[in-house]
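The block underneath contains the structure these notes are about, expressed in structure tokens.
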Amino acid sequence: MEYFGSVMSLMFTALLVENFIFSKFYGCCPFLGVSEKPATALGMGMAVTFVITVSSAVTWLVYHFLLVPEWADYDLGYLKTIAFILVIAALVQFIEMFLRKFIPTLYSALGIYLPLITTNCAVLSSALLIVQKEYDFIQAVCFGFSASLGFTLAIVVFAGVRSRMENADPPRAFKGFPLTLIAAGLLAMAFSCFSGIKFG
Amino acid sequence: MNKYVKQLKEGLLDNNPTLVQLLGMCPTLATTTSISNAIGMGLAATVVLICSNLFISLLRKFIPKQVRIAAYIVIVSGFVTAVELLMRAYFYSLYQSLGLFIPLIVVNCIILARAEAFASKNKPLPSIVDGVAMGLGFTFALCVLAFVRELLGAGTVFGFAIPGYSENPMVIFVLPAGAFITLGIVIAVVQKIRNAVADKAHLKAVEETRKSVSKAENREEASV
Chain A
1 MEYFGSVMSL MFTALLVENF IFSKFYGCCP FLGVSEKPAT ALGMGMAVTF
51 VITVSSAVTW LVYHFLLVPE WADYDLGYLK TIAFILVIAA LVQFIEMFLR
101 KFIPTLYSAL GIYLPLITTN CAVLSSALLI VQKEYDFIQA VCFGFSASLG
151 FTLAIVVFAG VRSRMENADP PRAFKGFPLT LIAAGLLAMA FSCFSGIKFG
Chain B
201 MNKYVKQLKE GLLDNNPTLV QLLGMCPTLA TTTSISNAIG MGLAATVVLI
251 CSNLFISLLR KFIPKQVRIA AYIVIVSGFV TAVELLMRAY FYSLYQSLGL
301 FIPLIVVNCI ILARAEAFAS KNKPLPSIVD GVAMGLGFTF ALCVLAFVRE
351 LLGAGTVFGF AIPGYSENPM VIFVLPAGAF ITLGIVIAVV QKIRNAVADK
401 AHLKAVEETR KSVSKAENRE EASV
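Residue numbers (this note's numbering), protein chains in the order written: chain A, 1 to 200; chain B, 201 to 424.
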């Protein structure tokens, strides 16, 4: 029961308190790039959630059974960046092929976003964070799932804000990207109210 | 030689990777809470960029087109690991304050963009210069942002407190929200300057066409 509680608090923290976008800045490129319409933002968010959840499990296994196994007397921990990025790239490719073959409806919804995800730093950083925080397997998967859900929440909410801004008439210098950033700043302010919440 | 100076100017100002091309937003927003962090992050990325540009340029005829992105990522992550280990050995406090953003240089869009757009098509020497130019442009942008944020948010410059202000600064600027807002305002200033330059060029072009038209009219009148 205590374990369950710790996993729940970990998930809540990853979802809101340490939101990937608004407090950690992991995955800002797709956040700012693919958030023009709520529908595409939701597609991107779902693709990221899917990939991060799977990759958290796979990279945990790679790290604990290949790079730093308990029974072996070697330590390849310093290779984790290279190993993880290769695993993620291969995994994204594999997920793309798998979805195209077996779940074509999901593929047509997420297909165009999948290749972009390899270079999304949210994926690599969640894999590295799991190693850094020494989570066990269940915690790792729960962390990956809730952190990427936090990413989805941020990008969908922000896409709603941006679609409202389309008709706005800002000063010429602020048109486009600067206005987007300032709106993101205001949202980050709203999210910073979660930072007071601490568990355990 | 002139060509390289032009390349440097391109990377630092005209085609600045962060402020004009809008690439590599994650480290830009995350590591600019102080100038020393910004310089550390910028130089680490510059070193990786120079090395990866050089190697990708040397290997550009051997890397098959279909797997080039994977090959670039492997080369880049090798150099990133080297830089990470070196920083842990020699700049431990910087290594700790930058945290995960050193390994995340692997997925920095600037590095992959330069590999794809420049190093894979050019000879080694111009590729190195391109790495220096773009890396310094990135560092420059980070420093501008960090200067504003550190000054307003912590009341310090390079860690030295400003008397009368540092006791009660606007903390929001070192918080995540301040990162977005400051970057937005800095890019708006850049756009303002670029708009002014573009307007000037446009006015000049209009003026010239008007002159040539009136000249042509004069000639016509003369001939009549």
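The beta-carbon is built from N, C-alpha and C at its ideal position, and this holds for glycine as well. Just so you know, these numbers come straight off a predicted model, no measurement behind them.
- Secondary structure of V357/B (DSSP, three-state): strand.
- For the segment 179-193 of chain A, the beta-carbon criterion of a distance under 9 Å to any beta-carbon of chain B is satisfied by L179, T180, L181, I182, A183, A184, G185, L186, L187, A188, M189, A190, F191, S192.
- Secondary structure at Q221/B: coil, using DSSP grouped into helix, strand and coil.
- Between L304/B and P227/B, the C-beta gap is smaller than 8 Å, which places the two residues in contact.
- In this structure, L342/B and T232/B form a Cβ contact; the two beta carbons are roughly 6 Å apart against a cut-off of 8 Å.
- Fewer than three Cβ pairs drawn from the segment 332-341 of chain B and the segment 295-303 of chain B lie within less than 8 Å of each other, which leaves the two stretches out of contact.
- Straight-line measurement puts the Cα of F94/A at about 44 Å from the Cα of P170/A.
- Just so you know, the alpha carbons of N418/B and V424/B end up roughly 10 Å apart.
- At least 8 Å separates the beta-carbon of V48/A from that of Q139/A.
- In the DSSP assignment, G364/B falls outside any alpha helix (DSSP H) and carries neither an H nor an E.
- Between the alpha carbons of I52/A and F255/B lies a gap of roughly 31 Å.
- Rounded to the nearest angstrom, the gap between the Cα atoms of L15/A and V267/B is 35 Å.
- Scanning chain A for C-beta atoms nearer than 9 Å to the C-beta of G384/B yields F174, F177, P178, L179, T180, L181, I182, A183, A184, G185, reported in chain order.
- According to the DSSP assignment, Y204/B belongs to the alpha helix (DSSP H) that extends over 202-209.
- Taking the Cα positions, V344/B is about 21 Å away from K175/A.
- With a cut-off of 8 Å on Cβ pairs, the segment 25-35 of chain A is in contact with the segment 146-160 of chain A, counting three or more such pairs.
- I21/A and F151/A have their C-alpha atoms spaced approximately 6 Å apart.
- Any Cβ of chain A closer than 8 Å to the Cβ of F380/B would place that residue at the interface, and such an atom is present.
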